[in-house]
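Have a look at the structure below before the remarks.
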Amino acid sequence: MHMSESKALCHPSSVDSLSTSAATEDHVSMGGWAARKALRVIEHVEQVLAIELLAACQGIEFLRPLKTTTPLEKVYDLVRSVVRPWIKDRFMAPDIEAAHRLLLDQKVWEVAAPYIEKYRMEHIPESRPLSPTAFSLESLRKNSATIPESDDL
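Going by the working numbering, the first residue of the sequence shown is number 4, and it counts up by one from there.
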């Protein structure tokens, strides 16, 4: 439901603007209404992220005894500290709210953040956009003392 409602809320507010005083007045701003709709969409996204977090942890559960990366194990442990795995069906609203609270309180970020910069530094080449031209020039620099002029390429 959150996704369908969010799609409807993303309908431009400006289409609801009606002219006033026989079109002699300025354009009616719908900014306030647009902001309220945007806030509601953000609230929906938070709920969807909480559900995705729970689904990811349950997916890890299915692959045990295998382990994932250290950062993901830390996030998994955090989530499992407030939500137990699903063994059988149960009412999920309290679990979704608990995961949502972890996101709102930035607990997931606190657990994952220390690993992000380390990962970025270890994988710098993977993080750069791939440019065939840059790649070609880079390999030429490694294999040649001089770089040919562009006409020679």
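Built from N, CA and C at the ideal position, the CB exists for glycine as well.
Shown here, K91 sits in coil according to DSSP, grouped into three states, outside any helix or strand. Taken through DSSP and simplified to helix, strand or coil, V85 comes out as coil. Distance from the CA atom of T72 to the CA atom of Q50, rounded to whole angstroms, is 25 Å.
Taking the CA atoms as reference points, M95 sits about 22 Å from K77. The alpha carbon of R83 has as its nearest neighbour, out of R93, A102 and L66, the alpha carbon of A102. Straight through space, the alpha carbons of R67 and L81 are spaced by roughly 17 Å. Contact annotation: Q61 and P88 have beta-carbon atoms nearer than 8 Å. In this structure, the CA atom of R123 is about 25 Å from the CA atom of A53. Separation of the CB atoms of Y79 and I99 is rounded to 17 Å, and the pair is thereby denied contact status at 8 Å.
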